Amino acid sequence: MSSSNAVNASTGGSGGQIVVAGAGYAGLHVTLRLTAKLRNHPEVELTLVDRYDYHQAITELPRVAGGTRAADAVRIPLQDMLAERVRFVQAEINGFDLAGRPLLTGAGPIGWRRLVLALGSRPNDFAIPGPPCSSSRRALPSWPAPHPS
Ligand SMILES: Cc1cc2nc3c(=O)[nH]c(=O)nc-3n(C[C@H](O)[C@H](O)[C@H](O)COP(=O)(O)OP(=O)(O)OC[C@H]3O[C@@H](n4cnc5c(N)ncnc54)[C@H](O)[C@@H]3O)c2cc1C
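Residues 172 to 320 in the numbering used here are what the sequence shown lists, from first letter to last.
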């Protein structure tokens with residue numbers, strides 16, 4: 172079975188809610204793919220959750236650091252990319268209650284039938300002294316702030 176058929180077979184016609192946690196590269200990609208693949212299955216609810224209401228183009232951050240691109244230019248508002256059927260919830264994800272099933276967020280619990288975890292990772296600088304070498308937004312306090320405070 173191809174991966175696209177697997178998506179249809181596993182979710183199509185089953186109804187319920189698919190929740191994608193994280194609107195980074197992985198989460199946004201999955202959400203856009205599911206939107207396309209499930210176009211004939213309006214009964215499947217799609218929800219995307221992220222603490223920010225925009226997708227941060229992380230790979231462009233070095234340009235921001237180098238001053239050749241404005242921080243605003245590498246933040247893509249999610250509302251510009253998501254179809255109307257996708258419910259976007261801007262909230263901090265605090266945990267999971269796998270037994271009870273809800274995703275625990277600052278906006279309250281969100282129930283899911285299928286959960287996609289795409290929350291990224293935390294950089295490790297291995298305690299090497301000096302300025303942070305990772306270009307992750309979380310490790311670059313001296314860079315132009317990619318997120319509004
Ligand atoms: C400078 C740089 C250049 C890179 N260039 C390349 C490249 O050329 N090619 C390549 O393949 N890879 C590249 N990478 C790596 C690539 O960016 C990562 O592999 C990719 O971002 C990982 O995607 P992700 O969706 O797993 O996580 P992320 O893109 O980090 O997304 C995670 C999302 O989850 C959200 N989130 C996390 N925790 C919470 C929480 N508790 N509550 C709510 N929301 C939360 C975040 O806000 C974020 O939107 C580069 C990385 C950097 C830093």
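C-beta: ideal position from N, C-alpha, C; glycine also.
The structure presented is a predicted model; accordingly, all values stated were derived computationally and were not measured.
If contacts are defined as beta-carbon pairs under 8 Å, then residue i and residue j qualify, I think. What distance do you get, rounded to the angstrom?
i    : j    : result
T206 : R256 : 7 Å
R246 : Q227 : 6 Å
V220 : V190 : 7 Å
A192 : I264 : 6 Å
G187 : A289 : That belief does not hold up - the Cβ atoms of G187 and A289 are roughly 19 Å apart, past 8 Å.
Put residue i into one of helix, strand or coil per three-state DSSP.
i    : result
H226 : strand
G187 : coil
P233 : helix
D268 : coil
A207 : helix
D221 : strand
V215 : coil
A278 : coil
A242 : helix
A197 : helix
Exposed or buried, which one is residue i when buried takes at least 16 other CB atoms within 10 Å?
i    : result
V235 : buried
G266 : exposed
L269 : exposed
A241 : exposed
A278 : exposed
T276 : buried
If we count Cβ pairs, one from each stretch, closer than 8 Å, do we get three or more for the region 211 to 220 versus the region 273 to 292? Note that the region 211 to 220 touches the region 273 to 292; at least 3 beta-carbon pairs, one per stretch, sit closer than 8 Å.
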